[in-house]
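Everything below concerns the one structure shown next.
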Amino acid sequence: MLVMAASPTARSVEFFDAHGHGRVDGITGLIAQPHEIGWDPVARMAYLTHTYRDGAYGGPHPKGHEISVIDVDRRKLVRVIDTAPYYAPHDIAVNSSGTVFAGIEMVGGVNGLLAIDPVAGQVVDVLPLGAPDAHWIALADDPAKLYVTHKDAPHLSIVDTSAFTLAGTLDLPGGAEEVDVSPDGRWVFVVTPRFERSPERRGPSRLVKIDTSTDRIVDSLEFAHYNVGVHVAADLTVLVTSTEVVAKSVASSDEASRTRPGGILSIVDGNTMRLRARLPVGAQPLTVRTSPDSGTAWVASLGTGNVTVIDLGRLAPVAELECARDAGVRSAHGLCVVTPVASP
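Letter by letter, the sequence shown follows residues 507 to 850 in the numbering used here.
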């Protein structure tokens, strides 16, 4: 089993041994900037979005319009899908039929969700959404739904993927960050509101649990800090990444400590919505993924460029995976756990 980690600054994807933690291989010289990774375990292909040429969400930076297709067994780039005139593909997911879905940002009056045929290498349908900037997405095969968060809209968009239509919305005041669906398709977990660098909030920072049969909120858990990433493990453990935001009046006078506060991984029981543990991780943690047996988690740190490996049985960090540097700068964003080929 391998772990793929995307580095925006180094324009690379690296492969690490999921058990021994050593670097196995890497692909360099990718289009700027690698962002999130979707995984098709049947086709054995990974799909890597290129969202911005540089910078981050909300800035006046040129936006990307490509998705790199990577053969995970050969660990090679096999093709690039051009999504233009649809720009800034961010999060990406693949359904059981092999259709690739990607959220795009509002550029030239076009915004929403793309459906892509990865074999033909082209966009086959576009679903406009009323809210700006379809950012994070989460896919359920049964029921056939896709959930889209918007940083700058007060609701979650719900898409019927069978008809490829907007099925409804769910109020989330203050916008939201990442969203994920439990492996059994019964629950959606989303962190809200959107991340702010200021300690003055748009509202309570919460992890929200949604019943996919009704698309209604059934439970929530409040946090002291803004949350960014969320991932649901096979055993319904919910992992949440957070960044501490400290008021300038109490922050250190050292500028670096204010701009790169510590990262936190919160481990939540998705059944009871009770907090099990809070562990320190690298600065600006974003994406988190888990092993199929729910025993190990990997947390990508944009601020340090490391991927922290967590033993979820011991609730303790056990290793750090170092991503490539570019001009002395290292960053880590998208992650993907590449499982072995299924036995016949």
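We put the CB at the ideal spot given by N, CA and C, even for glycine.
- For Val625, there is no enclosing beta strand (DSSP E), as DSSP marks it with neither H nor E.
- Annotation: the continuous beta strand (DSSP E) that includes Thr557 extends over 551–558.
- Setting aside the 5 residues that flank it on each side, Gly768 is surrounded in the same chain by Glu750, Pro786, Ala789, each with a C-beta closer than 7 Å to its C-beta; the list follows chain order.
- Taking one beta carbon from each stretch, the stretch 574–585 and the stretch 594–603 have fewer than 3 pairs nearer than 8 Å; the two do not touch.
- As a beta-bridge residue in DSSP terms, Trp804 pairs with Arg795, Val815.
- The stretch 641–650 and the stretch 672–679 do not touch, with fewer than 3 CB-CB distances between them shorter than 8 Å.
- The DSSP-derived three-state label of Thr605 is coil.
- The count of Cβ pairs closer than 8 Å, one atom from the stretch 624–641 and one from the stretch 585–595, reaches three, so the stretches are in contact.
- In the DSSP assignment, Phe522 falls within the beta strand (DSSP E) that extends over 518–523.
- Secondary structure at Val578: coil, using DSSP grouped into helix, strand and coil.
- Excluding the 5 residues flanking it on each side, Arg795 has same chain C-beta neighbours closer than 8 Å at Val509, His737, Ala803, Trp804, Leu841, Cys842, Val843, in chain order.
- Taking 9 Å as the cut-off, the beta carbon of Tyr553 is found closer than this to the beta carbon of Ile573.
- Looking at the DSSP output, Cys842 shares a beta bridge with Met510.
- With fewer than 16 other Cβ atoms inside 10 Å of its own Cβ, Val530 counts as exposed.
- For Cys829 against Val815, the beta-carbon gap comes to about 13 Å, at or over 8 Å, which does not count as contact.
- Judged by their CB atoms, Leu771 and Pro791 are nearer to each other than the 9 Å cut-off.
- Contact between Trp642 and Glu683 is confirmed by a C-beta separation of about 7 Å, below the 8 Å threshold.
- The DSSP-derived three-state label of Tyr653 is strand.
- Distance between His661 and Pro679, taken at the CA atoms: about 7 Å.
- Of Phe729, Leu742, Pro699, the smallest CA-CA separation from Gly691 is found for Leu742.
- For His737, the secondary structure class from DSSP, reduced to helix, strand or coil, is strand.
- Cβ atoms of Val744 and Phe695 come within 8 Å of each other, at about 5 Å.
- Annotation: Pro595 is outside any beta strand (DSSP E) and is labelled neither H nor E by DSSP.
- The closest CA to that of Lys569, considering only Ile576, Asp588, Met551, is found on Asp588.
- The shortest CA-to-CA distance from Asp639 to any of Asp799, Arg550, Tyr563, Asp546 is the one to Tyr563.
- Around the beta carbon of Asn777, fewer than 16 other beta carbons lie within 10 angstroms, which makes this residue exposed.
- In the assembly as shown, Glu542 is a buried residue. Its beta-carbon has 16 or more other beta-carbons within 10 Å.
- In the three-state scheme derived from DSSP, where H, G and I count as helix and E and B as strand, Pro638 is classed as coil.
- In the structure shown, the three-state DSSP call for Pro660 is coil.
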